[in-house]
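To start, the structure under review is shown below, and the notes come after it.
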Amino acid sequence: MAPEEDYFRLSGRSANDFSWWTSEIEKSKAFDWSDYLLPNLEIEPHTLSSPTLATAVEEANGAAWTVDELRSAVEAYLDMMAHDRAGKPYVKKQYYEKLAGKFNRTAKAFEYRMQNISYVLSLMGRDWLRGLKPAKNVGAQVAGQIEQLLAEAEGRQVAPIVAFEIAVRDEVKKKQLPVPTGSDSPQPFTSASTQYARDPEIKAWILQQAGGVCECCKKSAPFKAADGMPYLEVHHVRRLADQGSDQVSNAVAVCPNCHRELHYGAYSKQLVEQLYLSVERLVCE
757 MAPEEDYFRL
767 SGRSANDFSW
777 WTSEIEKSKA
787 FDWSDYLLPN
797 LEIEPHTLSS
807 PTLATAVEEA
817 NGAAWTVDEL
827 RSAVEAYLDM
837 MAHDRAGKPY
847 VKKQYYEKLA
857 GKFNRTAKAF
867 EYRMQNISYV
877 LSLMGRDWLR
887 GLKPAKNVGA
897 QVAGQIEQLL
907 AEAEGRQVAP
917 IVAFEIAVRD
927 EVKKKQLPVP
937 TGSDSPQPFT
947 SASTQYARDP
957 EIKAWILQQA
967 GGVCECCKKS
977 APFKAADGMP
987 YLEVHHVRRL
997 ADQGSDQVSN
1007 AVAVCPNCHR
1017 ELHYGAYSKQ
1027 LVEQLYLSVE
1037 RLVCE
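Per our numbering, the sequence shown runs over residues 757 to 1041.
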């Protein structure tokens, strides 16, 4: 059973765009629905008129992603990233197919999960693998698991932020949010995170070279610090968390706006490319 032409038109697609239709079905199958389902709710596939929908529900019923599946996906993602940075050839599809052969899921499901990993990395302010554009169709619980598995695979400790950020985004989508009560005494908590030793001479040299001008947008520092110095922040183009070096060939002085965009912006990769072109001392790592 396939949709009629009107379906594609209402969805803003060209007539009979079946590749898009099947792609959307695979996305729904890979999506983590656990945050949106009632406990113990099951749908009998045979009650559905569409064989495709029945197959999707059949896979969804009791098909929550296991920790082993998520861990294997994270490890494969990091392996691809290591190959990419080293300039070694690799084929993403082969990774997906290998995972599909190991677990009872399609290669396409693992491809979409990889895009979820990119989304988690983007929320962490980290770089993500080109060709795996961040896909936000992941629930807070699974995203939090991915964040933790990334830290474990890299041998680091991180303060959890991803589940909180996804919860914020879910709330923002709602219309006419009531004024929240909040808390008059927020409870403190302690969490460990991995920090990196930095050389103060590197930061000082970079700031001196910038002369109070952002090396990204080329505008003057937005304000002066309490000691009168133009306020700029030093950014490592390849993040320290991504095995970047603390050297002048990997650091720039940027304004707070550009710094946040380099970490969290939708066009952060394009900004990095511009930096490599405009700042002569930078060397791609």
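No residue lacks a Cβ here, since even glycine has one placed at the ideal position from N, Cα and C.
For this session: Would you kindly work out how many angstroms separate the C-alpha atoms of K959 and V990, rounded to a whole number?
Result: 6 Å
Exercise. Taking one C-beta from the stretch 914 to 923 and one from the stretch 869 to 884 each time, how about it: are there three or more such pairs within less than 8 Å?
Worked result: yes
Exercise. Who pairs with H992 in a beta bridge, going by DSSP?
Worked result: A1007
Exercise. Does the stretch 861 to 874 come within contact of the stretch 894 to 904, defined as at least 3 CB pairs closer than 8 Å?
Worked result: yes
For this session: List the DSSP bridge partners of V969.
Result: S976
Exercise. Buried or exposed: C1040, going by 16 or more other Cβ atoms within 10 Å of its Cβ?
Worked result: exposed
Exercise. Among the residues of its own chain, which have a CB less than 6 Å from the CB of Y1020, if the five just before and after it don't count?
Worked result: G881
Exercise. Tell me which same chain residues have a C-beta within less than 7 Å of the C-beta of E831, skipping the five on either side of it?
Worked result: A909
Exercise. Alpha helix (DSSP H) containing L879: first to last residue?
Worked result: A863 to L879
Exercise. Looking only at C-alpha atoms, which of G911, R1037 and G968 sits nearest to V1010?
Worked result: G968
Problem set entry | DSSP-derived helix/strand/coil call for P956 | helix
Problem set entry | Strand pairing of P986, partner residues [DSSP] | According to DSSP, which records beta bridges pairwise, P986 is partnered with K980.
Exercise. Going by beta carbon distance, what residues of the same chain come within less than 7 Å of I873, once the five residues before and after it are set aside?
Worked result: A829, V830, Y833 and I902
Problem set entry | Check whether L1027 and L988 have beta carbons under 8 Å apart | no
Exercise. In whole angstroms, what separates the C-alpha of T950 from that of P942?
Worked result: 24 Å
For this session: With DSSP collapsed to three states, give me the class of E1041.
Result: Here E1041 carries a coil assignment [DSSP, helix/strand/coil].
Problem set entry | Reduced DSSP category for N1013 - H, G, I as helix; E, B as strand; rest coil | helix
Exercise. Helix, strand or coil: which one does DSSP assign to I781?
Worked result: helix
Exercise. When you compare each of L855, E971 and K858 to R1037 by their alpha carbons, which one comes out closest?
Worked result: The candidate whose alpha carbon is nearest that of R1037 is E971.
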